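Numbering (full-length UniProt numbering), first residue to last: 1 to 308. Just so it is clear, CB atoms sit at the ideal spot from N, CA and C, and this is done for glycine as well. Because the structure is a prediction, the values reported are computed rather than measured.
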């Protein structure tokens, strides 16, 4: 039903506002081309009242970061009884908390990296585990606040305990996994292609690698053996289902093939609100599977519901 009124939520007030503005604009423009009536909503604290006035048929959630993908906006939409895209309250909250998501994935038989949660102040003077390891905010996306501690470093990076740190008091410390960065999108109950992300001029897939043109090279399909390719797809779908995701999600993996082709496959996290910018992975992966950007977004709008 292309005559639906779709409110596209974009912007917001998290640290990922610029990404959300870009995602939201791309989605709103494409949905208009598909024939939908589109209203762009730059989300502020009065979003509930705004949507109550607008009364759209569907909300397309293009928000990123806290409030947009942690179950908060999803709860507001449930209260307003407006069908919405992507995952529901529980899956969104669970996926946003990296440590809790890993516990669920591990219980489902998916290999995850050894990790622990700590106060950032508790680890600022002494290594919490033997380097190399990665320090991540527990509830952030887009690689904000990610710090890699390399072998041979005498102490943790000082930024973790400094006043400049703005990513919360609790961090996750995770064993660093060598190897290739792979990601796989899931659409509904189907795992799409596997993409290898090759950062250009960056040590890992950081914010600039994700959102600055030319920041990374995306190889779709990834040049890996068919059995590894299929295993990544199986694990991505398994994580999607175990965490209770709906609509579109994207799972990130590390694949260490330095010593053997079978190597080590480790699941890092799941993203319930994947980026929809011109350099984003999910639209590229979907296109490789035969879904144009407009087709992908139309499917998401028609898939929208409450009680997700």
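#1: Based on DSSP bridge pairs, tell me the residues matched to residue 305.
#2: Could you say if the stretch 80-94 and the stretch 31-43 meet the contact criterion of at least three C-beta pairs nearer than 8 Å?
#3: Just to confirm, are residue 128 and residue 159 a CB contact at a threshold of 9 Å?
#4: Taking 9 Å as the threshold (C-beta atoms), are residue 254 and residue 337 in contact?
#5: Taking all protein chains shown into account, decide if residue 252 is buried (16 or more other Cβ within 10 angstroms of its Cβ) or exposed.
#6: Nearest by alpha-carbon distance to residue 300: which of 268, 52, 61 is it?
#7: Taking C-beta to C-beta, are residue 168 and residue 138 nearer than 9 Å?
#8: Given this structure, state the Cα-to-Cα distance separating residue 193 from residue 264, to the nearest angstrom.
#9: Check whether the stretch 292-308 and the stretch 218-233 touch, using three or more Cβ-Cβ pairs below 8 Å as the test.
#10: What are the start and end residues of the alpha helix (DSSP H) that includes residue 176?
#11: Note down the Cα distance separating residue 188 from residue 125, rounded to an integer number of angstroms.
#12: Go ahead and pull the three-state DSSP assignment for residue 227.
#13: Classify residue 221 as helix, strand or coil using the three-state DSSP reduction.
#14: Going by DSSP, what residue range makes up the alpha helix (DSSP H) through residue 288?
#15: Considering residue 182, what are the terminal residues of the beta strand (DSSP E) in which it resides?
#16: When DSSP labels each residue in this structure, what does residue 46 get in the three-state scheme?
#17: Can you have a look at residue 266 and say buried or exposed, based on whether 16 or more other CB atoms are within 10 angstroms of its CB?
#18: Mark residue 44 as exposed unless 16 or more other C-beta atoms lie within 10 angstroms of its C-beta, in which case mark it buried.
#19: Taking residue 63 as part of the beta strand (DSSP E), name the residues at either end of that continuous run.
#20: Flag this pair as touching only if the stretch 66-80 and the stretch 142-151 have three or more C-beta atom pairs under 8 Å; answer yes or no.
#21: Take the Cβ of residue 226 as the centre, count every other Cβ of all protein chains shown within 10 Å, and call the residue buried at 16 or more, exposed below.
#22: Terminal residues of the continuous beta strand (DSSP E) containing residue 195?
#23: Where DSSP assigns a beta bridge to residue 116, which residues make up the other side?
#24: Where residue 5 and residue 56 are concerned, what is the direct C-alpha to C-alpha distance, given to the nearest angstrom?
#25: So, under 8 Å CB-CB, residue 58 and residue 286 are touching, yes? Tell me the CB distance rounded to an integer number of Å.
Judging by the given coordinates:
#1: 84
#2: The stretch 80-94 is not in contact with the stretch 31-43.
#3: no
#4: Given a span of 1 to 308 for the chain in the structure shown, any question on residue 337 remains unanswerable.
#5: Around the beta carbon of residue 252, 16 or more other beta carbons lie within 10 angstroms, which makes this residue buried.
#6: 61
#7: yes
#8: 19 Å
#9: no
#10: Taken as a continuous stretch (DSSP letters only), residue 176 belongs to no alpha helix (DSSP H), as it is neither H nor E.
#11: If I take the Cα positions, the gap works out to 45 Å.
#12: Per DSSP, reduced to three states, the secondary structure at residue 227 is helical.
#13: coil
#14: 281-288
#15: 180-187
#16: coil
#17: buried
#18: exposed
#19: Taken as a continuous stretch (DSSP letters only), residue 63 belongs to no beta strand (DSSP E), as it is neither H nor E.
#20: no
#21: Looking at its Cβ environment, which holds fewer than 16 other Cβ atoms inside 10 Å, residue 226 is exposed.
#22: 190-199
#23: 173
#24: 5 Å
#25: The pair is not a contact, with the Cβ atoms about 19 Å apart (cut-off 8 Å).
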